[in-house]
Amino acid sequence: FDKTRLLRRAQRDLRRCWLLLRPELATVADLSAHVAARFRLHRSCPGGVVLTMDGFALPPFESTCIFRDKDIIR
1 FDKTRLLRRA QRDLRRCWLL LRPELATVAD LSAHVAARFR LHRSCPGGVV
51 LTMDGFALPP FESTCIFRDK DIIR
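Quick note: the sequence shown uses full-length UniProt numbering, first residue 1, plus one each step.
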């Protein structure tokens, strides 16, 4: 999370964290919804979470199969 104000004080240590990409998270949209739910971001991000990699937005319809070890998703 680039903007720490999205996270509550107790969550700020999670600004950079690992997240297991489970098989049921088949698309970027699924992953985005999972992140929003897991970190309770629905109030601070009512339009959803836009994920990026290497400065490029990840299309919500894209398969999560594009991700590789050591990819950094923001």
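For every residue, glycine included, the Cβ atom is placed at its ideal position computed from N, Cα and C.
Since the structure is predicted, the reported quantities are computational estimates derived from the model, not experimental observations.
As for any alpha helix (DSSP H) of minimum length 4 sitting wholly inside the UniProt domain "Coilin N-terminal" (10-74), the runs are 28-38, ordered along the chain. Here the stretch 53-60 makes no contact with the stretch 19-26; the two share fewer than three CB pairs at distances below 8 Å. Take phenylalanine 61, set aside five residues on each side of it, and the residues of its chain with a beta-carbon closer than 8 Å to its own are Thr27, Val28 and Ala29, in chain order.
Under the criterion of beta carbons closer than 8 Å, alanine 36 and glycine 48 qualify as touching, at roughly 6 Å.
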